[in-house]
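Residue numbers (the working numbering): 1 to 87.
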């Protein structure tokens with residue numbers, strides 16, 4: 001169950017993170033196959049974002065933490081921005 005929208009890259013990767021299982025996932029947009037998953041310390045009830053660093057690399061990021069409508073036990077004020085570099 002995703003509680004937010006996906007973020008899709010020009011290269012055909014679909015990222016979702018707005019789930020209640022503390023996972024950040026990437027899928028192939030053509031096949032739907034899960035390509036990557038990361039376990040987060042806190043739930044990320046947000047739509048992922050992407051940016052290009054000064055070094056030219058592309059990154060994906062998501063905010064995680066804080067209380068949610070689904071009774072996430074993390075109290076407000078314990079948020080983090082989680083960032084991963086794309087290969």
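Built from N, CA and C at the ideal position, the CB exists for glycine as well.
Query                                                                                  : Result
Beta strand (DSSP E) segment containing residue 28, residue limits                     : 23-28
Inter-residue spacing [alpha-carbon to alpha-carbon] between residue 30 and residue 54 : 30 angstroms
Residue 81 - DSSP class collapsed to helix/strand/coil                                 : strand
Burial state of residue 62 (16 or more Cβ within 10 Å)                                 : buried
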